[in-house]
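FYI, in this note's numbering the residues of the sequence shown are 1 to 182. Here is the structure we will look at.
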Amino acid sequence: LAWSPDGRFFATGTADGSIALWRVGSTTPVRTIPTSSPVVALSFDRTTLLVASGTHVRLVDLASGRTRTVRFPSGILAADLDPAGWAFAVANRLGKGSSSSLISVSTGRAIARLPEDGIRSFAFSLDGRLLATGSHDSTARIWNARTGKLLHVLQHHGYVLAERFSPDGTSLVTSSQDGAAY
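Here you go:
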């Protein structure tokens, strides 16, 4: 489930691979998008819906409905679209671990690799300058979202499950498998 930045739309995804784009207050979807794999991530920028499922990240233009697909060599674990629409972060399976990258929306090519095994969640700051990641190694990390440079490592006592920046970008909250939030 994801909300559009203006709060007028939301998207839902299912384990059978169905995505529905809804206008708030409507009882029928504006658009449906079929995929062949369970949906693992949905996120919006001002003009685009990111859909991650299977080995694909789909970028759906909200005005035209046109879809660009970026394929990856293995299953997607997590993905998030930069609010400015410049890049998206993606983690995919790599053996028993994972590989994570920042990908250009315009080219579909890697901007930077994030040298951290075990990333399972992402969150961009609202200005798109910072990227937070949650990992199975009991850390949350903050990265420069334009370069992929590691800025901070935050230790936890359990797997980091989710992270979100405050609307003004000055604070980050994380939650972990041990029930703690920092």
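We put the beta carbon where it would ideally sit given N, CA and C, even for glycine.
With distances taken Cα to Cα, identify the nearest neighbour of S74 among A63, S64, H56, D82. Here residue 74 refers to the residue found at position 74 of the sequence shown. S74 has its Cα closest to that of H56, out of A63, S64, H56, D82.
Based on Cα-Cα distance, which residue from S135, W86, L126, D137 lies nearest to A110? Counting from one through the sequence shown, the residue named residue 110 turns up at place 110. The shortest C-alpha separation from A110 is found at W86.
Which class does L1 belong to by DSSP, given the choice of helix, strand or coil? Numbered from 1 along the sequence shown, position 1 holds the residue referred to as residue 1. L1 falls in the coil class under three-state DSSP.
Where R8 sits in the DSSP three-state scheme: Here residue 8 is taken as the residue at index 8 of the sequence shown, counted from 1. In the structure shown, R8 sits in coil (DSSP, three-state: anything other than H, G, I, E or B).
Does the distance from the C-beta atom of G169 to that of D127 stay below 7 Å? For the purposes of this step, residue 169 is taken as residue 169 along the sequence shown, with counting starting at 1. For the purposes of this step, residue 127 is taken as residue 127 along the sequence shown, with counting starting at 1. A distance below 7 Å separates the beta carbons of G169 and D127.
If we ignore side chains and look at the alpha-carbon of each, how far apart do S125 and G108 end up? As a working note, residue 125 is residue 125 in the sequence shown. As a working note, residue 108 is residue 108 in the sequence shown. Roughly 21 Å between the two C-alpha positions.
Could you give the residue range of the beta strand (DSSP E) that holds S135? In the sequence shown, counting from the first residue as 1, residue 135 sits at position 135. Run containing S135: 130-135, per the beta strand (DSSP E) assignment.
Going by C-alpha distance, which of R113, G13, V30, E163 is nearest S99? In the sequence shown, residue 99 corresponds to position 99, counting from 1. Residue nearest to S99 within the set R113, G13, V30, E163 is R113 (criterion: CA-CA distance).
Residues that E116 bridges to, as DSSP identifies them: Working through the sequence shown from its first residue, we reach residue 116 at position 116. Looking at the DSSP output, E116 bridges to nothing.
Hey, out of L81, G17, P29, V24, whose CA is closest to S53's CA? For the purposes of this step, residue 53 is identified with residue 53 of the sequence shown, where counting begins at 1. Checking every option, the nearest Cα to that of S53 belongs to G17.
Does the ligand PLP have a heavy atom nearer than 6 Å to the CB of H56? This structure does not include the ligand PLP; it has no bound ligands of any sort.
Using 8 Å for Cβ pairs, my map puts V51 next to L62. What's the rounded Cβ distance? On the sequence shown, residue 51 is found 51 positions in, with the first residue counted as 1. On the sequence shown, residue 62 is found 62 positions in, with the first residue counted as 1. In fact, because the Cβ distance is near 12 Å, the residues do not count as touching under 8 Å.
Kindly list the residues whose CB is nearer than 7 Å to the CB of V153, restricted to its own chain and excluding five residues on each side of it in sequence; keep chain order. For this step, residue 153 is matched to residue 153 along the sequence shown. Closer than 7 Å at Cβ, skipping near neighbours: T139, R141.
Assuming A20 contacts P29 (C-beta within less than 8 Å), just tell me the rounded distance between them. Within the sequence shown, the letter at position 20 stands for residue 20. Within the sequence shown, the letter at position 29 stands for residue 29. Between P29 and A20 the Cβ distance is about 4 Å, and since that is below 8 Å, they are a contact.
Spatial distance of G148 from S166 (CA atoms): The residue labelled residue 148 in the question sits at position 148 within the sequence shown. The residue labelled residue 166 in the question sits at position 166 within the sequence shown. Cα to Cα, G148 sits roughly 21 Å from S166.
Return helix, strand or coil for A63, following the three-state DSSP convention. In the sequence shown, the residue the question calls residue 63 occupies position 63. Coil, per DSSP.
From S36, D82, D117, K96, pick the residue whose C-alpha is nearest to that of P5; which is it? Against the sequence shown, residue 5 aligns to sequence position 5. The residue with the shortest Cα to Cα distance from P5 is D82.
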